[in-house]
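A short worksheet on the structure shown next.
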Amino acid sequence: MSDKKSIKFNRRNFLKFAGVAGLATGAGVMLPKDALMARSEKGSKGKKMSFDVHPGQLDDYYGFWSGGHSGEIRIIGVPSMREIHRIPVFNKECGSGWGITNESKKLLRGKDAGDTHHVHGSYKDGVYDGKYLFVNDKLNNRVARIRIDYMEVDRILEVPNIQGAHGLFPQRYPKTDWVVVNSEFQTPVPNNASNSAAFNNPQEYYGMHTIIDAERMAVVCQIQVDENCDLAATDYKGKYSMCTSYNIEKGVTISEMLASDFDYLIVFNWERIRKAMAAGKYKTINGVKILDGRMGKSDLTLRIPVPKNPHGVNISPDGKYAVCCGKVSPTTTVVELDRLDDAFAGKIKPEDCIVANPFIGLGPLHTTFDGRGNAITSVFIDSTNVKWNIAKAIEAEKGGEEAKKSNPHIVDVLDVHYQVGHIMATMAETKEADGKWLVSLNKISKDRYINVGPLKPENDQLSDITGEKIRHVHDSPTYIEPHDCIMVRRELIEPHVKHRVEMFEHPLAVTKNSVERKGNHVTVRMTANAPLFGLQEVRAKKGDKVTLIVTNHDEIVDLSNGVAISNYNINFVLGPFQTKSVTFKADKEGVFWIYCTNFCHALHLEMRMRFIVEV
Ligand code: CUK
Ligand code: CA
């Protein structure tokens, strides 16, 4: 790759880190109370923040956690860290019937395994607008949209021409019209028989930065690059999106992917992308417009060299900086976003956008912000959360190696348990970052909980970050395995969330019970009203196709009815006014009880009816 020599990195001697490692021992937790109170800033009024949420009280934040290879999203109350709800997304989930009903199957299209990593909300002017959540599926290259009013998936988009859909970020300004998603894995494009010559030639494998229309949930275009596209971010001005790449080498083995001392932060210029689209400068593959973003062939992209196999990229809440985590380098790279215009115009070199390269620790992965000029970075190998001051890091950079030696930017180092991946502070991915709570999503819990066998939970540690020091307050186990989360002030979400759906949004909502036969297809339309199903029995002949459509007519908040058909592997739940349907073959003769699974009434157990399959 081109200008290796012009790039100067801090290849610091690992021994120098001993000083910082010393800081880590016991820091944060052991801090004297008085000192903490003296340092605590406005909002906390000199009091320690309590994570207790007493009976009858509500959490201050909606935490939206990705679920990793569980394929779901969880709603965690912060600061109590109680798991309040799960939203099935790319998985099959019997608690609600996701992956069982016709409605969910239509979205899943036969793929009920997934891998969710990055969940983000839709924005207006740099703050969540309470409309949607978006989440990636790394396994099957999908992006799902969740409507916040019902907390249910309403769209799933399969993104063509990519593999390993990973970093995902919505447009933050002026509002979320676009969502970007990255392909972590490079593949031939197209990846099919028409291009089979490329299968054995990794030089012909490409990464993609995909732009999705957030309302239509359709691909706007893809920008093809040689590199892989890992984590994603968008700026606060609606001008740029970016991705980190750790495989500029086009390697297919670990050693190949680690061959270069640097990789890239790739920046995508949205104005130029729009112009290139309007000018028809694309090819169409699998129905998607692909623009050329490759180095030397494109003015759509800018490559800022960063050391080495970087991981997370996060934007400071003031919109000024992108912080790239080094992963294999013990540093972060701070990029000043206001310099990007000049870099794209060729007035400065891409590397001139870098304003600091501070030492952080071994294995920095992700960075979050307290809204008061500090960044907090997760450090995987050291198992720490490192709080550092951005302005001080930039200042020290100007002073050269000598000024940087004492690491003046480091404010505090907190040991965590153990091996942290993502890290997130409340509201930190918005311009209203409030610096109250920090969650460290630790990959390994080891000995922190009672032994539950070989597969242990993750350990999400909650810390109070209102003071200068990070004060660890609570451990919370989470089921396998969230990668990332956001924590949103309650009042930005709660007013948007409904207790019941609009019944007739579902075109098949049932108001009259009926059984209709057309040939060998029996359609059953039925209401549910605790403790009664609208019908007492349903008959079919062995071999019939049966469609069962049920609407819950109970308007009482939280009164759900379940519909389960014994021996038929059918099980789904209807919230107030919800309609769901299933279609199956009546392939077993006999009498089968259809019963309510979700305790609804004193006569819940009697809420059942017969399904009689005659021979
Ligand atoms: S990645 Cu998992 S710890 Cu998929 Cu956001 Cu960094
Ligand atoms: Ca690399």
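Heads up, the sequence shown is in our numbering, so the first residue is 208 and it goes up one at a time. C-beta: ideal position from N, C-alpha, C; glycine also.
query, result
"In the DSSP assignment, what are the bridge partners of A563?", "V541"
"Is there at least one non-hydrogen atom of ligand 1 closer than 7 Å to the beta-carbon of G674?", "no"
"Let me make sure I understand the geometry here. Which of V757, A640 and G275 has the alpha-carbon closest to that of F784?", "V757"
"Within 10 Å of its beta-carbon, does F587 have 16 or more other beta-carbons around it, so buried, or fewer, so exposed?", "buried"
"Have a look at D765 and R479 and give me their C-alpha separation to the nearest angstrom.", "49 Å"
"Please state the DSSP three-state secondary structure of M816.", "strand"
"Give me the Cβ distance between A372 and N343, rounded to the nearest whole Å; I'm assuming they're in contact under 8 Å.", "5 Å"
"When every heavy atom of ligand 1 is checked, does at least one fall within less than 7 Å of the C-beta of D691?", "yes"
"For V334, I'd like the list of residues in its chain whose CB is within less than 6 Å of its CB, leaving aside the five on either flank, ordered along the chain.", "T637 and E639"
"For E456, I'd like the list of residues in its chain whose CB is within less than 7 Å of its CB, leaving aside the five on either flank, ordered along the chain.", "E463, M464, A466 and S467"
"How about L755: is its Cβ closer than 7 Å to a heavy atom in ligand 2?", "no"
"Using a threshold of 7 Å, is the CB atom of N368 nearer than that to any non-hydrogen atom of ligand 2?", "no"
"Which one of K534, K554 and E558 has the shortest CA to CA distance from G570?", "K534"
"Short check: CB of L645 to CB of N592, under 8 Å?", "yes"
"Excluding five sequence neighbours on each side, which residues of the same chain lie with their C-beta closer than 8 Å to the C-beta of I419?", "V350, L364, V366, W385, V386, V387, V388, A425, V426 and V427"
"Any residue with its C-beta under 6 Å from a non-hydrogen atom of ligand 2 counts. Can you list them all in chain order?", "Y453, N454, I455, E456, M464, L465, S467, D470 and N516"
"Within the present structure, is the beta-carbon of H327 separated from the nearest heavy atom of ligand 1 by less than 7 Å?", "no"
"Do you know offhand how far E608's Cα is from T538's?", "14 Å"
"Starting from the Cα of S448, find the closest Cα among N516, A486, K496 and V474 and give me that residue.", "V474"
"To the nearest angstrom, how far is it from the Cα of S311 to the Cα of S683?", "31 Å"
"Could you check whether T417 and P377 sit closer than 8 Å to each other, using their CB atoms as the reference points?", "no"
"Kindly provide the ranges of any beta strand (DSSP E) runs that are 3 or more residues long and lie completely inside the segment 404-463, ordered along the chain.", "414-420, 425-432, 439-441 and 447-452"
"Using beta-carbon positions only, say whether K752 and H728 come within less than 8 Å of one another.", "yes"
"Verify whether the separation of the beta carbon atoms of F469 and P512 is less than 8 Å.", "yes"
"In chain order, which continuous runs of the alpha helix (DSSP H) of length 4 or greater are located wholly inside the segment 574-647?", "597-605 and 607-611"
"Less than 8 Å between C-beta atoms, sequence neighbours within five positions excluded: which residues of the same chain meet that for E300?", "E279, R293 and G306"
"Count the other CB atoms, across all protein chains shown, that sit within 10 Å of the CB of S721; report buried if there are 16 or more and exposed otherwise.", "exposed"
"Label R481 either buried or exposed according to how many other C-beta atoms from any shown protein chain fall within 10 Å of its C-beta, with 16 as the threshold for buried.", "exposed"
"Closer than 8 Å by C-beta to Q431: which residues in its own chain qualify, once you throw out the five before and the five after it? Chain order, please.", "V396, Y413, G414, M415, I497, L498, D499, G500 and R501"
"Rounded to the nearest angstrom, what separates N408 and N348 at their Cα positions?", "22 Å"
"Who are the Cβ neighbours of M484 in its own chain at under 8 Å, not counting the five residues just before and after it?", "V427, C428, K496 and L498"
"Within the continuous beta strand (DSSP E) that includes L509, where are the two ends?", "T508 to P514"
"Rounded to the nearest angstrom, how far is the Cβ of P738 from that of L810, given a contact under 8 Å?", "4 Å"
"I need the boundaries of the beta strand (DSSP E) containing E688, first residue and last residue.", "That residue, E688, is in no beta strand (DSSP E); it is neither H nor E in DSSP."
"How should V459 be labelled, buried or exposed, when 16 other C-beta atoms within 10 angstroms of its C-beta is the threshold for buried?", "exposed"
"Between G628 and ligand 1, is there a pair consisting of the residue's CB and a ligand heavy atom that are separated by less than 7 Å?", "yes"
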